[in-house]
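Residue numbers (my numbering): 126 to 449.
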C-alpha cells in the first residue's frame, strides 16, 4: 500500500501535539541541561591523566650529530583541573621544547631531573602537577665532527629455490655510510657490517632491507641499507668438448674416436649464449694399462665457475695407439 506524504505530515502533527510527546521532549531537554552542568562541574575538579608528549630539541646547529638518539616522545602523567587538562592534552597537542644551547656542553646535552621537570611544566602549564614521567632526565652524547666514510660489508646466508641460482655475491645498494663518535676509536673503523641476513627459497631478484650491526659509542648513518640479491633461473645446456690426452710417452700418441664428447650442465640464463665454458676433459695414457679394452676412460678435470651438475654423456672413448 502506497503511503501518501500528506498522511505522514498529518500523523506527525497529531503526535507532536499530544501531551505525551511534550512530556518526553521536556524530559530530554532537562537531561541535556543536566549533562552540560555535570560536565562543567567535572571540569573544575582535579583529575589525573596520562599523555604522550612529543619531545623536540630545537636550535640544533647543522654541524651537530647526536650519537645517542633523542627520545621522540615520553609519557607524562598530569594532575590538574579538568579544564586545564582538556586544554593541555586534548585541545593543544602536548609538546616539550628543549633549547640545545641551554644544556649542551663539551659533547653532552645534559638535563637534570629538576631541569627536565621545569621544561615540562613550562610547556604543559605551570599549575599542573607532574606525578610521573617515563623519563625524568636526559643525557645525550653528540659530536660536531664530520664523521668518517666507510664501506658496507654484507653478511648473508642466502639460498635460492630449486631450479634457481644466486648470481654473484649479495651487494649493498648503499656502498658507503658515515660513522660518528665522540671517541677517538672512530679512526680504527675501516668498515661497517650488516646484521646476518638469512633468506631461503628465493626465486627472483630481490632488494632486502637489513640493519647495520651497531658499534658501541658510534652513530651510523644510515642505520639500514638495501641488499640486492640477484637470482636467475637455471637452464640446461649440452656442448661437445675436445678430449685432451695426457702422460703420453715420447714417440707414441693416441687417436681417439670420437675426439669430442658431449658434456651437459646447468647454467644461469644470462650465460646460456656463452661460447667458452672452459670445460677440460682428459684421457690419461696410463689408464691403458688397467682398462684391458679398446676404450679409455675420460674425465672432467675443470670448468669455469658457475656451472652446476656437470656430467659427461660418455665415460669412455675408443682409442688407437700410434708409435712413431
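Ideal placement from N, C-alpha and C gives every residue a C-beta, glycine not left out.
Assigned secondary structure, residue i (DSSP; H/G/I helix, E/B strand, else coil)
i: residue 291; result: strand
i: residue 307; result: coil
i: residue 155; result: helix
i: residue 391; result: strand
i: residue 402; result: coil
i: residue 238; result: helix
i: residue 248; result: helix
i: residue 216; result: With a pLDDT of 43 at residue 216, under the threshold of 50, the modelled position of that residue is not reliable, and the figure given next carries that caveat. Here residue 216 sits in helix by DSSP.
i: residue 126; result: Because the pLDDT of residue 126 is 49, which lies under 50, any placement of that residue in the model is unreliable, and the number read from its coordinates should be weighed accordingly. Of the three classes helix, strand and coil, the one that applies to residue 126 here is coil, per DSSP.
i: residue 256; result: strand
i: residue 452; result: Residue 452 falls outside the range modelled here, since the chain spans only 126 to 449, and no answer is possible.
i: residue 429; result: coil
i: residue 367; result: strand
i: residue 316; result: coil
Any non-hydrogen atom of the ligand NAD closer than 7 Å to residue i Cβ
i: residue 411; result: With respect to the ligand NAD, the structure offers nothing, as it holds no ligand at all.
Residue i vs residue j beta-carbon contact at 8 Å
i: residue 445; j: residue 410; result: no
i: residue 406; j: residue 392; result: no
i: residue 200; j: residue 259; result: yes
i: residue 264; j: residue 235; result: yes
Buried versus exposed, by CB contacts within 10 Å (16 or more), residue i
i: residue 262; result: exposed
i: residue 306; result: buried
i: residue 216; result: The predicted position of residue 216 is uncertain, since its pLDDT is 43 and thus under 50; a value taken from the coordinates is nonetheless stated next. Label assigned to residue 216: exposed.
i: residue 382; result: exposed
Where the beta strand (DSSP E) containing residue i begins and where it ends
i: residue 445; result: 441-448
i: residue 225; result: No beta strand (DSSP E) holds residue 225; the alpha helix (DSSP H) holding it covers 225-228.
i: residue 331; result: 331-336
Proximity to residue i [Cα-Cα], best of the options
i: residue 434; options: 404, 442, 274, 256; result: 404
i: residue 286; options: 328, 260, 249, 304; result: 328
i: residue 452; options: 230, 293, 276, 176; result: Because the chain here runs from 126 to 449, residue 452 falls outside it and cannot be looked at.
Continuous alpha helix (DSSP H) stretch holding residue i: start and end
i: residue 414; result: 413-416
Contact with chain D by residue i, beta-carbon distance below 8 Å
i: residue 414; result: Looking for chain D here will not work: only one protein chain is present.
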